Amino acid sequence: MSATAQPDTKLETQSCTRCGGSGHYSYCQSHGTTCFKCGGNKIIWTKRGALASSFLTALCSKRADQIVVGEKVKTDFGCPISGQVRGFGTVTESYMSTLSGGTANGVQIFHYVVTVTHPKHGGISHHGSPSTVYRVAQNAADKAAKFQLALAFQAKLTKSGKIAKNAVLTEAEFAFAGSIFSNLRKTV
């Protein structure tokens, strides 16, 4: 159960603590012997790795009101009953709308519409608040730079997933950590 991480190459993982790193546990008629904790992958995130992975996802995401037509965003295509496919599609529409007859205490209710199309799976429109977050596809250079930022953030965490006492956080790290740790205070 030792944590593994090569310097500057990957986020921290460890062997699955449920199956011991075999990917298999007890038998279940629906899923066979697949371990439910690691999903058969044999490894799980450490606390530091999980926070760094969440930080990386936050770096690669945008709010609905910041998305522009032509960007690729990750979403689900298809019907929840017959099966969905998760993948990146191209944004074809992105606009603010009002709900028909939608008012709350006399105030008009707005929602954001993001329409995404995929060449194989068709299109889907998402309706939500302007603060709904979407994962945005990155080019290779941006992806590598953001991954290095996630590795730097991981290095500022203790084994228990807390911010190290002597760590100096960047603005992006502070904003992300502030949403997780309620007692985080900015020092000048």
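Note that the sequence shown covers residues 68 to 255 in my numbering. Using N, Cα and C, we set each Cβ at its ideal position, and we do this for glycine too. Just so you know, these numbers come straight off a predicted model, no measurement behind them.
| Check | Outcome |
| --- | --- |
| Hey, how far is the Cα of leucine 256 from the Cα of serine 97? | Missing from the structure shown is residue 256; the chain here goes from 68 to 255 and no further. |
| Between which two residues does the beta strand (DSSP E) containing arginine 85 stretch? | Counting along the chain, arginine 85 falls outside any beta strand (DSSP E), and DSSP gives it neither H nor E. |
| Sorted by chain position, which residues of the same chain lie with C-beta nearer than 6 angstroms to threonine 100's C-beta, five sequence neighbours on each side aside? | His91 and Tyr94 |
| Would you mind stating whether arginine 115 and proline 197 have Cβ atoms separated by less than 8 angstroms? | no |
| Could you tell me how far apart the beta carbons of lysine 139 and threonine 159 are, in whole angstroms, since I believe they sit closer than 8 angstroms? | About 11 angstroms; that fails the 8 angstroms criterion. |
| Whole angstroms are fine: how far does the CA of valine 180 sit from the CA of threonine 84? | 42 angstroms |
| Who pairs with glutamine 153 in a beta bridge, going by DSSP? | A small fix is needed here, since residue 153 is arginine in this sequence, not glutamine. Answer is Asp143, bridged to arginine 153. |
| Can you give me the start and stop residues for the alpha helix (DSSP H) that serine 246 sits inside? | 238-247 |
| Given this structure, state the Cα-to-Cα distance separating glutamate 79 from valine 200, to the nearest angstrom. | 25 angstroms |
| Does the CB of glycine 107 have a neighbour CB from chain C at under 8 angstroms? | The structure shown contains no chain C; it holds only a single protein chain. |
| Only counting the same chain, and skipping five residues up and downstream in sequence, which positions put a Cβ closer than 8 angstroms to that of glycine 87? | none |
| Quick check: histidine 188 and glycine 137, are their CB atoms within less than 8 angstroms of each other? | no |
| Can you check DSSP and say which residues form a bridge with threonine 182? | Glu160 and Ser192 |
| Label glutamine 73 either buried or exposed according to how many other C-beta atoms from any shown protein chain fall within 10 Å of its C-beta, with 16 as the threshold for buried. | Summary for glutamine 73: the model assigns pLDDT 45, below 50, so the residue's position carries little reliability; its value from the coordinates is reported in the next sentence. Classification for glutamine 73: exposed. |
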